[in-house]
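For my numbering, count along the sequence shown from 1 and bump the result up by 89. Cβ atoms here follow ideal geometry from the backbone N, Cα and C, with glycine treated the same way. The structure displayed is predicted, hence computed values, not measured ones. Input: a single structure, listed below in structure tokens.
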Amino acid sequence: MNSMKSELLGKVLIVDDDFTVRLLASETLEGAGFQVCAVDNGPDAIALLDTFIPDIILLDVLMPGMDGYLTCQEIRKHPLGAAVPIVIMTGLDDFESIERAYHLSATDFISKPIHWLVLPHRVHYIIRSSRTYKELKQSEARLSHAQMIARLGNWEWDIVNDKLQWSKEIFRIFAIDPLTFSGTFLAFLNATHPIDREMVQTAVETAITTRRSLSIDHQILLPSGTERFVCTEAEIQYDSTGRPCHMAGTIQDITERKLAEIRIRHLAYHDILTGLPNRALFSDRLTQSLHRAERSVERLAVLFFDLDDFKFINDTHGHRVGDLLLIEVSQRLNEITRAGDTLARLGGDEFTVFLHDVKSEENALLVAHNHLNNLLAAYQIEDKQLFVSASIGIALFPEHGSSAEVLIKSADAAMYQAKQNGKNHVELFTQTMYCKTSERLSLQMDLRRALERKEFVLHYQPRVNLLNGTWSGVEALVRWQHPDRGLISPLAFIPLAEETGLIMELGEWVLREATMQLHRWHLAGAPVARVSVNVSPLQFRRQNLIDLVKSALSEACLCTRSLELEITESALMDDMDQSIITLKQLQRLGVSISIDDFGTGYSSLSHLRSLPVDILKVDRSFVMNAHESKEDAQILAAIIAMAHSLKLDIVAEGVECEAHEVLLTSQRCREAQGFYYAQPMPAEDLTTLLLEQALPLESVKYAVLDPDQSICCLINENPTTFGGDPLQLVCRLFPGRPPACRGNLTCEPVA
Ligand code: C2E
Ligand code: MG
Ligand code: MG
Numbered sequence: 090m091n092s093m094k095s096e097l098l099g100k101v102l103i104v105d106d107d108f109t110v111r112l113l114a115s116e117t118l119e120g121a122g123f124q125v126c127a128v129d130n131g132p133d134a135i136a137l138l139d140t141f142i143p144d145i146i147l148l149d150v151l152m153p154g155m156d157g158y159l160t161c162q163e164i165r166k167h168p169l170g171a172a173v174p175i176v177i178m179t180g181l182d183d184f185e186s187i188e189r190a191y192h193l194s195a196t197d198f199i200s201k202p203i204h205w206l207v208l209p210h211r212v213h214y215i216i217r218s219s220r221t222y223k224e225l226k227q228s229e230a231r232l233s234h235a236q237m238i239a240r241l242g243n244w245e246w247d248i249v250n251d252k253l254q255w256s257k258e259i260f261r262i263f264a265i266d267p268l269t270f271s272g273t274f275l276a277f278l279n280a281t282h283p284i285d286r287e288m289v290q291t292a293v294e295t296a297i298t299t300r301r302s303l304s305i306d307h308q309i310l311l312p313s314g315t316e317r318f319v320c321t322e323a324e325i326q327y328d329s330t331g332r333p334c335h336m337a338g339t340i341q342d343i344t345e346r347k348l349a350e351i352r353i354r355h356l357a358y359h360d361i362l363t364g365l366p367n368r369a370l371f372s373d374r375l376t377q378s379l380h381r382a383e384r385s386v387e388r389l390a391v392l393f394f395d396l397d398d399f400k401f402i403n404d405t406h407g408h409r410v411g412d413l414l415l416i417e418v419s420q421r422l423n424e425i426t427r428a429g430d431t432l433a434r435l436g437g438d439e440f441t442v443f444l445h446d447v448k449s450e451e452n453a454l455l456v457a458h459n460h461l462n463n464l465l466a467a468y469q470i471e472d473k474q475l476f477v478s479a480s481i482g483i484a485l486f487p488e489h490g491s492s493a494e495v496l497i498k499s500a501d502a503a504m505y506q507a508k509q510n511g512k513n514h515v516e517l518f519t520q521t522m523y524c525k526t527s528e529r530l531s532l533q534m535d536l537r538r539a540l541e542r543k544e545f546v547l548h549y550q551p552r553v554n555l556l557n558g559t560w561s562g563v564e565a566l567v568r569w570q571h572p573d574r575g576l577i578s579p580l581a582f583i584p585l586a587e588e589t590g591l592i593m594e595l596g597e598w599v600l601r602e603a604t605m606q607l608h609r610w611h612l613a614g615a616p617v618a619r620v621s622v623n624v625s626p627l628q629f630r631r632q633n634l635i636d637l638v639k640s641a642l643s644e645a646c647l648c649t650r651s652l653e654l655e656i657t658e659s660a661l662m663d664d665m666d667q668s669i670i671t672l673k674q675l676q677r678l679g680v681s682i683s684i685d686d687f688g689t690g691y692s693s694l695s696h697l698r699s700l701p702v703d704i705l706k707v708d709r710s711f712v713m714n715a716h717e718s719k720e721d722a723q724i725l726a727a728i729i730a731m732a733h734s735l736k737l738d739i740v741a742e743g744v745e746c747e748a749h750e751v752l753l754t755s756q757r758c759r760e761a762q763g764f765y766y767a768q769p770m771p772a773e774d775l776t777t778l779l780l781e782q783a784l785p786l787e788s789v790k791y792a793v794l795d796p797d798q799s800i801c802c803l804i805n806e807n808p809t810t811f812g813g814d815p816l817q818l819v820c821r822l823f824p825g826r827p828p829a830c831r832g833n834l835t836c837e838p839v840a
């Protein structure tokens, strides 16, 4: 025991009324390295537990007053005495006392007379085994806690004797009272869900015969009727003869995971807003139905719905109302959809239905018209009464396609045609629609690539000041330099770029490129004051135009007066309040705003008054025949007069001949643009023209001024050379351009 002396081996409490025993035991144990406390009666021992927590208690049985048994009992009741090893000290042959002490949960006994040399060793080993026991209990508790957290329990099955043992956690998972569990394989099978019982039994038998481990997910049925999911796993042991004898495994409650999987699967196949199947599920079901229809020579129809002008509802009433309307629409569609047919929302305002067993085209058309009529009735969304119509396309199996993909595409193409035919319309697919659709699709793909490959170019068309014939600015017009198809007009791809949202990127590029080009002209000394850039409706509504304009102008080192934005009437009317806010912000920046293609939209005079714009660009259609038709001339005159009354500048588009110009000048139209002056042309061509007009600064001698006193051009000749008539001079200096100005020009020397 010498080694034991160097460290404290533990705390010992001695309870004995015999002074000699107390003294000798204390001396011996302290000498061996224990800390000892000795008392001569039970109550003192119990009271001491509050301050002295022993690792072992040596307890005499026979004591006056409270005897050892009673003391043992009381110590066990004390919270700190419950787990302390209690060693009873009793006479050598006193079996009865030993028996009784064990019964009262004493740990061990020591016979009196005590063997003092052996005592420290006994005490030491009892403390050690008590500690080991405690650690084991703690580790068991930890394991059980971990199993509880993981909702995982372990089990063992003695196959030969059909004895099944479950851990506490398994009883908890199955909500079964251990006392009522018969512990057989059948009891386990009975606790599994009836729908999985056979599968579980087969899986266990297969694992045994194939000597593989078992791993299955299955359902169980709790006594309360609740269904849960578990994962059962096990390994099998075989005896020396190869017979299966033992199986050990785990059961884990995986209900939460399974429910999450079910939810995820539902989300993957359903539309969140309406709860309807989505495109993936629709295609799956349609594909299955097509297989069946092929075998039974049945006809199917796919109906493709697209709500008309739904965007308008979204823009006017907000997305929340839009969403509520979509839910109502899905319910209306559902009302007429037969059980067995599938209704789906493909996204946005697009829905599809496929119909089984369609007897004829007329049959499908009738269903589509029923849907259409059903959709037309008013919708009460919150305090608003809304109306919506749809365009419907129909494709039939087998005539219009044999796969889900082709049928949906064909129905989509027919829907597109229904839209073209004026909306609120049903259209049956025809082959020509397919050609149009595939052309659109290939154009759409090409368009995306074109942006990456930088295939877009800008052409510029000058705008002429009718008072003095000078170029007041240029309009940037985008073109697509297609590698195979050559130069493509914006009319062929801008609508598609709008539809697909690509216009945002394209529009940003146009703005940056046009302002950059103006900067290049300035550097080259070419006299261009301003560039105007077309802004598409989508850009105007969605893009952060203010930031974009600021950044484009600052990158090109231009002042804001160098830029004009052309916006169509319809884009402005879409959401007047928002338009006014955006326009005001742009104007505050100093950017000019013109209404493009004026007269083709639906703006009224009152609208025009409230819109902060600077310029009206009268659409070409009003100019085209104005020189030949009196009525057209009157309309043109009315528009120009209206612009004057609203104090707006006016630009006439599509000026193609001198007669147009004469008419416009007589109406005091300030500016014009058209083939008569110049076609839109690449920047380089325009640069050449511009530079021909420009004079090196040092040779500028005179400025020719128009009747408004604005500079018409700079010249290096003395006007008297030509009899003092500046008009003649301008004609001579710029022979390519007809004399546009009708007013008197004056010349002033430049200082
Ligand atoms: P717009 O803004 O009204 O542009 C004027 C169009 O009229 C141009 O057609 C121009 O070439 C054409 N034009 C000019 N003078 C005459 C003429 O005397 N007679 C005739 N018949 N036509 C004339 P273009 O370049 O084909 O552009 C068509 C439309 O495409 C533009 O109409 C504009 O709305 C749009 N567009 C062009 N570039 C862009 C762009 O960068 N962004 C956006 N959003 N739209 C653009
Ligand atoms: Mg324009
Ligand atoms: Mg225009």
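Boundaries of the beta strand (DSSP E) around ILE146: 145–149. Taken in chain order, the complete beta strand (DSSP E) segments of 3 or more residues contained in the region 124–174 are 124–128 and 145–149.
Per DSSP, ALA457 is one residue of the alpha helix (DSSP H) stretching across 450–465. Contact residues of ligand 2 (beta-carbon closer than 6 Å to any heavy atom; chain order) are GLU564, ASN623, GLU655 and ASP685.
Checking the DSSP bridge columns, you'll see ASP573 has no partner listed.
Judged by DSSP secondary structure, PRO333 falls within the beta strand (DSSP E) whose first and last residues are 333–342. For CYS836, the enclosing beta strand (DSSP E) has its first and last residue at 835–838. Beta-bridge partners assigned by DSSP to SER271: none are found.
Using a Cβ distance threshold of 8 Å, LYS201 and THR179 count as a contacting pair. For CYS648, the secondary structure class from DSSP, reduced to helix, strand or coil, is coil.
Relative to the non-hydrogen atoms of ligand 1, the Cβ of ARG709 comes within a distance shorter than 7 Å of at least one. A distance criterion of 7 Å places the beta-carbon of GLN509 beyond contact range of ligand 1, judged by its closest non-hydrogen atom.
A distance below 8 Å separates the beta carbons of ILE402 and LEU475. The straight-line gap separating the alpha-carbon atoms of VAL702 and ALA741 is approximately 16 Å. With a 10 Å radius around the Cβ and a threshold of 16 neighbouring Cβ atoms, ASP535 comes out buried. The alpha carbon of GLY364 has as its nearest neighbour, out of VAL418, LEU517, PHE123 and MET713, the alpha carbon of VAL418. By the neighbour-count criterion, in which a residue is buried when 16 or more other Cβ atoms sit within 10 angstroms of its Cβ, ARG542 is exposed. When DSSP states are grouped into helix, strand and coil, ARG757 belongs to the coil group. Residue range 719–734 is occupied by the alpha helix (DSSP H) that includes ASP721. Burial state of CYS746 is exposed, judged by a 10 Å Cβ sphere holding fewer than 16 other Cβ atoms. Taking the Cβ of VAL744 as the reference point, at least one heavy atom of ligand 1 falls within a distance shorter than 7 Å. Between the beta-carbon of LEU600 and that of VAL622 there is about 5 Å, and that keeps the pair under the 8 Å contact cut. For SER256, the CB contacts under 8 Å within the same chain, skipping 5 residues up- and downstream, are SER233, GLN236, GLY242, ASN243 and TRP244 in chain order. Relative to ligand 1, even the nearest heavy atom lies 7 Å or more away from the CB of SER640. In this chain, the beta strand (DSSP E) harbouring ILE704 covers 704–707.
CA-CA distance, ALA134 to ALA171, rounds to 14 Å.
With a cut-off of 7 Å, the C-beta of LEU753 is classified as distant from ligand 1, since no heavy atom of the ligand falls inside that distance. Residue burial annotation: GLU451 is exposed, with fewer than 16 other C-beta atoms found within 10 angstroms of its C-beta. By the criterion of at least three beta-carbon pairs nearer than 8 Å, the region 584–591 is in contact with the region 613–628. Taking the Cβ atoms as the reference, LEU225 lies roughly 30 Å from THR117, outside the contact range of under 8 Å. Per the coordinates, the alpha-carbon of THR835 lies some 25 Å from the alpha-carbon of VAL563.
For the pair ASP412 and VAL515, the Cα-to-Cα distance works out to about 24 Å.
Residue state for CYS746 is assigned as coil, using DSSP reduced to three classes.
If you check the CB distance, LEU392 and ALA457 come in under 8 Å. Of CYS320, ASP395, LEU675 and THR604, the smallest CA-CA separation from GLN506 is found for ASP395. DSSP places LYS673 within a helical segment (H, G or I) once states are collapsed to three.
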